[in-house]
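Heads up, the sequence shown is in my numbering, so the first residue is 8 and it goes up one at a time.
Positions of the beta carbon are idealized from the N, C-alpha and C atoms, including for glycine.
Working notes for the structure below.
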Amino acid sequence: MAVIELTSDSAGAPLEGPNDRSPNTYTHGMMRDIDEAIVRARFDDSVTCIVLTGNGASFFSAGASIQMLNSVSPGFKYNFCLHANETLSRLEQTAKLVICAINGHAVGGGLEIAMAADIRIARKNAGKVGLPEINL
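This is the structure in structure tokens:
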């Protein structure tokens, strides 16, 4: 089994912090890492299942880092979103079983990651699930 675990925040710092409240946002670098892990798992015959989960108990993922998005050009934002969509399509279409272990809130791009999995399992009272960006 391959486990893809989001283990750093948008600044690259470990997610384990005070009060375990990290939103587990992702940057372009993290999305590249996830993409590369998916491709490696596809070609590894010993991998039969991919499990994605967030770090901590508050958030699975709140999606893309708003701080990162506010600091880049419109062209970069476009390409970042395109790459994220391509990565999630690759995850969705992989022949390996993909399980998303939702351990907290799954909102925005975090929910999109979860929706690309074959199976989604959430702990009891895991938190909110939704696409709040429709209000932006």
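Using a Cβ-Cβ distance cut-off of 8 Å, the stretch 49 to 56 and the stretch 80 to 92 are not in contact, since fewer than three pairs of beta carbons, one from each stretch, lie closer than that value. Sequence-distant Cβ neighbours of Ile-45 in its own chain, meaning closer than 8 Å and more than five residues away, are Ile-11, Ile-57, Thr-94, Arg-97, Leu-98 and Thr-101. The secondary-structure analysis by DSSP pairs Arg-127 across a beta bridge with Cys-107.
Beta-bridge analysis with DSSP links Ser-68 to Ala-113.
Exclusion of the five residues before and after Asn-110 leaves Thr-60, Gly-61, Ala-64, Phe-67, Arg-130 and Ala-133 as the residues of its chain whose Cβ lies within less than 7 Å of its Cβ. For Thr-32 and Gly-117, the gap between their C-alpha atoms comes out near 8 Å.
Rounded to the nearest whole angstrom, the C-alpha separation of His-112 and Gly-137 is 9 Å. Sequence-distant partners of Ile-106 (beyond 5 residues in either direction) whose C-beta falls short of 8 Å from its own C-beta, in its chain, are Cys-56, Ile-57, Val-58, Leu-59, Ala-124, Asp-125, Ile-126, Arg-127 and Ile-128.
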